[in-house]
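Trainee:
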Amino acid sequence: MAEREMTLKWLRSEGDEWRWAARYLSQRLDEKYLLTLDDHALRRIISYEKVVTVIRQVQQDKPELVMKLQSAIRQRRYRSDSNGRKPVTFTLTKESIESLNRLSKKYKKNDTAIITELLGIEERELKAEIDYEKKLKDSISRERKIATQTASSLRKQRDEALKHAEKYLKLLARWELSRKDETPPAVDEKEIEQHVAPMMKSIKEAIEYIALRDTIFTDRE
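First residue of the sequence shown: 0, per numbering that gives the first Met the number 0; consecutive thereafter.
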């Protein structure tokens, strides 16, 4: 048999399509006709070429069945997962169906194309929302990290200010204890205040600033 007679353009030799075609025919041919086939070919499928031989014989005797087989193969390919399509069934409300029909007419596309496009838009919007939420969480996380580091630094400054205050108080207490029986030297009170004021101002400002920042960061958390 010539090589072109051993193949059919519309039947693929790769994969299991030819086996599926053989099963399709065997399920639709009666027992009597199956017995007329060469060596009961459909019952003992051994090769693509054997199936082609059977199809050519059936095409002569029952051409309408071969036409149905070709149509069934096309539908099978269309529904194949490898083709990226799969038939599904779902229920829509009357309003949804009307909206779908309006969109189909407006954009001159079939219902499947409209639904596919809408799903694509929804998927992109959902992805954008997820990305935004992730960026927002990352931003908040970074801000909290910075706030924690800043608060830690400010606490150190506060502790340092308190150490200075403690130092001055200890010096004052030591002087008072060592000279408790003596009369303090005649120093103008205003002069003392002027001397102490800058130091106390620095301490107060540091403590107030730290207290304010701690309050702000606590509110954010």
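The C-beta atom is built at its ideal place from N, Cα and C for all residues, glycine as well.
Just so you know, these numbers come straight off a predicted model, no measurement behind them.
Can residue 16 and residue 54 be called in contact, C-beta distance under 8 angstroms?
Mentor: Mapped onto the sequence shown, residue 16 falls at position 17. Mapped onto the sequence shown, residue 54 falls at position 55. Contact flag unset, no.
Trainee: Does the segment 117 to 136 touch the segment 147 to 166, meaning 3 or more C-beta pairs lie closer than 8 angstroms?
Mentor: Too few Cβ pairs lie closer than 8 angstroms, so no.
Trainee: Do you know how far the Cα of residue 122 is from the Cα of residue 203?
Mentor: Translated into the one-based positions of the sequence shown, residue 203 becomes position 204. Translated into the one-based positions of the sequence shown, residue 122 becomes position 123. Answer to the nearest angstrom: the Cα atoms are 57 angstroms apart.
Trainee: If you run the structure through DSSP and keep just helix, strand and coil, what is residue 14?
Mentor: Along the sequence shown, one-based indexing puts residue 14 at 15. Note: residue 14 maps to coil in three-state DSSP.
Trainee: Locate the alpha helix (DSSP H) running through residue 68, then write down its first and last residues.
Mentor: What you label residue 68 is simply residue 69 of the sequence shown in a count that begins at 1. Here the alpha helix (DSSP H) through residue 68 covers 62 to 78.
Trainee: Compute the beta-carbon to beta-carbon distance between residue 20 and residue 57, rounded to the nearest angstrom, for a pair I have assumed lies under 8 angstroms.
Mentor: Residue 20 sits at position 21 when you count from the first residue of the sequence shown. Residue 57 sits at position 58 when you count from the first residue of the sequence shown. Rounded, the Cβ-Cβ distance is 10 angstroms, inconsistent with contact.
Trainee: Which residue wins for smallest C-alpha separation from residue 160, given the options 109, 208, 45 and 18?
Mentor: Within the sequence shown, numbered from 1, the residue matching residue 160 stands at position 161. Per the Cα distances, 208.
Trainee: Check the C-beta distance from residue 91 over to residue 23 and give it rounded, since I have them as a contact under 8 angstroms.
Mentor: Start at 1 with the first residue of the sequence shown, and residue 91 comes out as number 92. Start at 1 with the first residue of the sequence shown, and residue 23 comes out as number 24. With a Cβ gap of about 33 angstroms, residue 91 and residue 23 do not count as contacting.
Trainee: Of all the beta strand (DSSP E) runs that stay within the bounds of the segment 79 to 141, which reach a length of 3 or more residues?
Mentor: Complete beta strand (DSSP E) runs here, min 3: none at all.
Trainee: Kindly indicate which three-state DSSP category residue 45 falls into: helix, strand or coil?
Mentor: The residue given as residue 45 occupies position 46 in the sequence shown. Reduced to three states, the DSSP call for residue 45 is coil.
Trainee: With H, G and I counted as helix, E and B as strand and the rest as coil, what does DSSP make of residue 2?
Mentor: Here residue 2 corresponds to residue number 3 of the sequence shown, with the count starting at 1. Residue confidence is low: residue 2 scores 45 on pLDDT, short of 50, so the model does not pin down where it sits. No coordinate-derived value is stated.
Trainee: Compare the C-alpha of residue 74 against each of 93, 9 and 107 and name the closest.
Mentor: What you label residue 74 is simply residue 75 of the sequence shown in a count that begins at 1. Considering only alpha carbons, the answer is 9.
Trainee: For residue 171, which of helix, strand or coil comes out of DSSP?
Mentor: Taking the sequence shown and counting its residues from 1, the one referred to as residue 171 is at position 172. The answer is helix: DSSP assigns residue 171 an H, G or I state.
Trainee: Given this structure, state the Cα-to-Cα distance separating residue 206 from residue 139, to the nearest angstrom.
Mentor: Your numbering for residue 206 matches position 207 in the sequence shown. Your numbering for residue 139 matches position 140 in the sequence shown. The straight-line gap from Cα to Cα measures roughly 27 angstroms.
Trainee: Rounded to whole angstroms, what is the Cα-Cα separation between residue 18 and residue 27?
Mentor: As a working note, residue 18 is residue 19 in the sequence shown. As a working note, residue 27 is residue 28 in the sequence shown. The alpha-carbon atoms of residue 18 and residue 27 are separated by roughly 15 angstroms.
Trainee: Under the three-state reduction of DSSP, which class applies to residue 8: helix, strand or coil?
Mentor: By 1-based counting over the sequence shown, the position of residue 8 is 9. Three-state result, residue 8: coil.
Trainee: Helix, strand or coil, according to DSSP, for residue 33 in the structure here?
Mentor: Position 34 of the sequence shown holds residue 33. Three-state result, residue 33: helix.
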